[in-house]
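Here is the structure we will look at.
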Amino acid sequence: MAGRIPDSFIETLNDRVNIVDVISTRVTLKKSGREYHGRCPFHDDSSPSFSVSPDKQVYHCFGCGASGGLISFVMEYDKVDFISAIESLASLAGLEVPTEAADPESGQRKALYAIIEQADQAFRKALKSNPNRERAVNYLKGRGLTGLIAHRFGLGYAPGGWRFLFDQLGTETQTKKHLLDAGLTVVNSQGRDYDRFRERVMFPIRDIRGRTIAFGGRVLDESKPKYLNSPETKLFHKSDTLYGLYEARQACRSLDRVLVVEGYMDVVALAQFGIDFAVATLGTALTGQHLDRLSRQTAQVIVCFDGDQAGRTAAKRALDTMLPFLSDEFSIRFLFLPDGHDPDSLVRHEGTDAFLSRLNEALPASEALMGLIADEVDMTKIDGRARLTALTLPKIAKIPTSIYRSLMLDSLSELSGTRRIDLDTRLQDLQIEPARVDAQPGEMPTSETTTKIDAEMMSFESLRHNEDEQHEDFADHLEPPMEMDTPIEVLPKIQFPDPNKPEPLANRLLWLVLQNPMLLTKPVPIPERSRLVNIHPLTQVFDWIIRSDKPTTARLMGHFSGTELGRLLSKLLNHEALFSQSAYEAEFNDGLNQLKKQLVTESMKLLAEDAKRGKISTEDLHQAITAHKK
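The opening position of the sequence shown corresponds to residue 43 in the numbering used here, with each subsequent residue numbered one higher.
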């Protein structure tokens with residue numbers, strides 16, 4: 043979807059589409075008075091605790107607390123993003139989604155979707171009727187695949203030669219440009235263009251909505267590379283795309299677990315044997331973006347590793363990425379395969395039941411973590427157990443505060459013989475240190491220091507301005523009266539997005555956590571005195587995320603629905619993408635660092651004001667500055 047969706051259209055959707063009609067297609071509802079009731083789809087609801095109000099256009103579960111409106115329900119139930127939910131509801135209402143400030147790249151994206159779809163159809167047709175298709179068909183049959191499974195995954199065939207796609211789709215200038223932009227063709231140093239995929243079985247890579255965005259090709263001879271992926275494009279990013287996720291969602295309405303494997307054929311072969319909840323990374327390790335996407339789809343991920351030393355080493359590396367995603371409601375398990383087997387060969391060798399038994403016995407991340415580290419130390423000796431503690435605690439520190447983390451500390455305490463209270467103390471020492479300011483004891487920050495800090499803030503992408511600290515708008519009511527000689531402080535009003543004003547840092551951070559609330563993994567201390575623009579809305583959202591067992595965008599929006607803060611979040615959520623998905627985590631962490639610097643700078647300014655008003659002594663001021671440096 044290009045550009046920003048007007049607020050008026052969202053209001054039209056809410057007026058035109060009855061929330062009961064939407065929810066009743068997914069949940070059995072019974073009318074009771076003016077409302078409707080049923081079993082909650084978001085938890086194991088033994089008695090009807092889910093209520094829907096057609097008058098207010100909202101839903102609420104009295105069991106798990108899930109709540110929200112029309113759009114948030116579609117996002118949460120269908121596990122789609124905001125734009126996809128809008129498009130789905132608009133289609134139901136027979137409306138065309140308008141946009142404001144159209145994305146100049148929208149036309150190009152549409153053209154890419156169209157050309158990739160045409161190529162997809164050409165590859166599928168070639169597998170059925172191309173004169174040279176026999177090698178591809180024999181390969182698939184040799185791997186035990188049926189025509190039904192090939193159809194389900196949309197498998198195709200790219201014939202040999204150099205210009206198959208040009209022959210099928212044409213050689214017009216625009217067509218050739220779109221083929222090149224989609225990564226389907228290549229231009230050599232002499233300026234000649236030719237097909238990227240030749241003499242390969244083709245695996246279409248689909249997004250969560252089922253649109254083909256790229257391809258993987260398996261060679262049919264001894265050529266290298268054996269597997270070839272589409273390059274990165276405006277539609278395709280390997281770091282946040284999982285092959286087979288769309289197909290898994292189609293096969294399993296409720297994905298209780300997802301198995302992560304290495305290759306296309308592993309996914310397809312497992313589906314052939316009835317294990318249709320497998321996905322594959324695309325030549326990359328499992329990333330935070332992958333895990334974020336999976337955490338929205340399932341409660342458990344099982345990751346396959348080879349059972350040899352190389353596989354165990356890979357598992358240890360993967361743990362650093364996985365640990366921040368572990369929670370009471372999202373678990374990750376490790377499946378170590380027998381030597382010489384991949385999932386494809388193992389399921390053929392053992393059969394479905396035996397393979398499922400292995401999945402059921404997969405190691406929880408907690409056991410894998412301590413087991414992999416324990417293998418490297420001598421647990422019979424004190425220094426070995428101390429080493430285990432020293433290596434494991436920094437890993438546990440990456441896990442969000444939860445019962446899960448607490449239980450891991452209990453396990454480490456028992457395994458190492460270390461008192462739990464000592465582990466808790468050490469864990470506190472591992473938390474992120476506060477930001478520092480380059481001021482010497484007894485000195486206030488100079489304009490030069492402030493300029494240096496402001497310059498550092500500019501590293502956060504798209505923040506090409508200083509934070510607006512003027513706070514021209516104030517709340518209508520004041521805090522309780524204070525002493526006459528003390529200035530009365532008031533909380534600033536929420537600043538809504540305004541193209542004529544600089545975008546506050548708080549708004550950027552809010553936008554990022556709206557895209558993925560799991561980006562926030564630990565509390566962020568924010569002084570109550572802070573008057574940075576929209577800092578208090580940010581504090582409220584951060585506090586809610588930390589308290590929530592499994593924060594999602596829909597639940598976040600539902601919690602603040604009907605409030606002034608909810609209105610701000612709705613406007614921010616409707617903003618066009620500020621960053622690529624692959625950059626969310628880096629941008630959020632960078633933004634937090636800039637926020638800490640801004641808070642320290644502000645705090646020092648407030649201390650200086652206190653000193654001028656005689657509220658604190660010069661000695662106390664110097665001590666406070668020294669404390670900030672530490």
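Here a beta-carbon is modelled for each residue, glycine too, at the ideal position from N, C-alpha and C.
Counting only the same chain and skipping the five closest in sequence on each side, list residues whose C-beta sits under 8 Å from that of residue i.
i	result
ILE380	Ile is not the amino acid found at residue 380; the sequence shown has Pro there. Closer than 8 Å at the Cβ level, and outside the excluded window around PRO380, lie GLY349 and LEU388.
PHE278	GLY225, ILE247, ILE255, ALA256 and SER272
TYR269	GLY258, GLY259, ARG260, VAL261, GLY305, TYR306 and GLY325
GLU498	Note that GLU498 scores 30 on pLDDT, short of 50, meaning its location in the model is unreliable; the coordinates nonetheless yield the value given after this. Within the same chain, GLU498 has close Cβ partners GLN636 and LYS639.
PRO267	VAL261
GLU511	Note that GLU511 scores 34 on pLDDT, short of 50, meaning its location in the model is unreliable; the coordinates nonetheless yield the value given after this. So the qualifying residues of the chain are ARG573, LEU574, VAL575 and GLU644.
GLY186	ALA311, GLN314 and ARG390
VAL583	LEU552, VAL555, LEU598, PHE602, LEU607 and LEU611
Would you mind reading off the limits of the alpha helix (DSSP H) that contains residue i?
i	result
GLN342	Taken as a continuous stretch (DSSP letters only), GLN342 belongs to no alpha helix (DSSP H), being part of the beta strand (DSSP E) at 342-348.
MET364	351-364
THR431	424-438
ASP466	462-471
MET560	No alpha helix (DSSP H) contains MET560, which DSSP labels as neither H nor E.
ILE113	112-120
ILE65	61-66
GLY413	407-416
ASP209	206-211
HIS193	189-194
ARG375	Per DSSP, ARG375 belongs to no alpha helix (DSSP H); it is in the beta strand (DSSP E), 373-379.
Among the residues of its own chain, which have a CB less than 7 Å from the CB of residue i, if the five just before and after it don't count?
i	result
LEU336	VAL300 and VAL343
LEU151	Sequence inspection shows Arg at residue 151; the Leu mentioned does not correspond to that position. The answer, listed in chain order, is LYS276 and LEU277.
ARG68	PRO83 and TYR119
ARG175	ALA168, LEU169 and TYR199
SER126	ARG251
ALA357	PHE347, PHE376, ALA410 and LEU414
CYS106	CYS82, PHE84 and HIS85
LEU386	Contrary to the premise, residue 386 reads as Asp rather than Leu in this sequence. Closer than 7 Å at Cβ, skipping near neighbours: MET307, ASP308 and ALA311.
GLY316	THR394
ASN172	TYR199 and PRO201
GLU490	Residue confidence is low: GLU490 scores 36 on pLDDT, short of 50, so the model does not pin down where it sits. Its coordinate-derived value is still stated next. Excluding sequence neighbours, GLU490 sits near nothing in its chain.
PRO90	HIS79, GLY80 and ARG81
Please state if the CB of residue j and the CB of residue i are separated by a distance shorter than 8 Å.
i	j	result
LEU411	ALA439	no
ALA200	PHE239	yes
ILE415	LEU398	no
LEU328	ALA360	yes
TYR446	SER572	no
ALA548	LEU598	no
VAL679	LEU377	Nothing about residue 679 can be read from this structure; the chain reaches only from 43 to 672.
PRO569	SER458	no
ALA320	ALA352	no
LEU469	LEU454	no
LEU614	PRO539	yes
PRO96	ASN56	no
LEU211	THR227	no
ALA341	GLU371	yes
GLY330	GLU77	no
Here's the rule: buried if 16 or more other CB atoms are within 10 angstroms of the residue's CB, otherwise exposed. What is residue i?
i	result
PHE51	buried
GLN292	exposed
ARG550	buried
THR283	buried
LEU312	buried
LEU554	buried
HIS220	buried
MET526	Note that MET526 has pLDDT 35, beneath the 50 cutoff, so the model's placement of it is unreliable and no number is given.
ALA596	buried
LEU562	buried
ARG180	Correcting the residue type first, residue 180 is Asn in the shown sequence and not Arg. ASN180 comes out exposed.
Kindly list the residues whose CB is nearer than 6 Å to the CB of residue i, restricted to its own chain and excluding five residues on each side of it in sequence; keep chain order.
i	result
ASP249	ILE255
VAL310	PHE195
ILE588	PRO565
LEU333	PHE367
THR460	THR431
THR54	none
LEU287	VAL321
LEU197	none
Check for me: the beta strand (DSSP E) holding residue i runs from which residue to which?
i	result
LYS219	It is not in any beta strand (DSSP E) - LYS219 instead sits in the alpha helix (DSSP H) that spans 215-223.
ASP282	Looking at the DSSP string, ASP282 is not in any beta strand (DSSP E), and its letter there is neither H nor E.
VAL321	320-322
GLY80	77-80
Cβ contact (3+ pairs, closer than 8 Å) linking the region 123-141 and the region 158-169: In the pairwise beta carbon analysis, the region 123-141 is classified as not touching the region 158-169: fewer than three pairs are separated by under 8 Å.
Stretch pair the region 424-431 + the region 397-411: three plus CB contacts closer than 8 Å: The answer is no - the region 397-411 does not touch the region 424-431, with fewer than three Cβ pairs under 8 Å.
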